[in-house]
Amino acid sequence: MLLARRMVEAGCGFVTVTSTGWDLHGNRFGVDDGIPCLGGAVNKAVTAFIEDLQQRGMSDDVLLVITGEFGRTPRINKKAGRDHWGGICPLLLSGGGLNMGQVIGRSDKTGGKPISEPVTTAQLTSTILHTLVDPGQVRLLPQIPQAIQDTLSRSEPIRQL
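Residue numbers for the sequence shown follow our numbering, so the first one is 412 and each next one is one higher.
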């Protein structure tokens, strides 16, 4: 994350950082051991990154997006882990001039499906794009791909942000 912050300071417009090893089906180590191990490291790195950006006055200029391509089953499997689940997925946004400090939406009591304020992939994409570009200027920029222009014109950002 330190390198990501340095890249942003140097003018890089987009940085991807990955964290692997989250496949906690129980065949490596279960949820009880895996989450503290993996989550603790990510928590420290993300906290330091956000604090670095705030100290440097860069919070509004950088959007941090933490998500995965799927969530995990509401029930623990027979190997003390959780399997892939498309019904709900965690998402964290920080910075980018967005309205921070809130939880948007709720899941049912098992964490299996959203029961209020579900966020779609199109809304997430639109939110990210709205922090990167001025939607009113996109059509004037020939280098912006048509797919991005279409997303901006058809999708609304997450309204609470």
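We put the beta carbon where it would ideally sit given N, CA and C, even for glycine. Source: prediction; values computed, not measured.
Check: Taking Cβ to Cβ, would you say S470 is nearer than 7 Å to G512?
Finding: no
Note to self: Just to confirm, is the Cβ distance from L504 to L540 under 7 Å?
What the structure shows: no
Next item on the list: Report yes or no: is there a C-beta of chain D within less than 7 Å of the C-beta of L535?
Entry: Among the chains in the structure shown there is no chain D, since it carries only a single protein chain.
Checklist line | For E567, the nearest candidate out of P546, P556 and L449 (CA to CA) | finding: P546
Checklist line | DSSP-derived helix/strand/coil call for T562 | finding: helix
Next item on the list: Indicate whether the contact test is met: 3 or more Cβ pairs, each with one atom in the stretch 480-493 and one in the stretch 449-458, closer than 8 Å.
Entry: no
Check: Taking the alpha carbon of R570 as the point to measure from, which residue in E528, W433 and Q560 has its own alpha carbon closest?
Finding: E528
Notebook entry, point to check: With 16 as the cutoff for other CB atoms within 10 Å, does I499 come out buried or exposed?
Noted result: buried
Next item on the list: Please state if the CB of F460 and the CB of M412 are separated by a distance shorter than 7 Å.
Entry: yes
Check: Can L464 and V473 be called in contact, C-beta distance under 7 Å?
Finding: yes
Notebook entry, point to check: Can you tell me the Cα-Cα spacing of V530 and L509, whole angstroms?
Noted result: 16 Å
Item checked: Cα-Cα separation between T484 and W496, rounded to whole angstroms -> 5 Å
Check: Among D434, T542, G516 and A533, which one has its Cα closest to the Cα of I526?
Finding: G516
Next item on the list: List the endpoints of the continuous alpha helix (DSSP H) containing V419.
Entry: L413 to E420
Item checked: Member of A421, R416, G424 and L449 whose CA lies at the smallest distance from the CA of A430 -> As written in the sequence, residue 430 is Ser, which differs from the Ala given in the question. Per the Cα distances, L449.
Checklist line | Residues near R543 by beta carbon distance below 7 Å, same chain, minus five either side | finding: The amino acid at residue 543 is misidentified as Arg; the sequence shows Leu. Excluding sequence neighbours, L543 sits near nothing in its chain.
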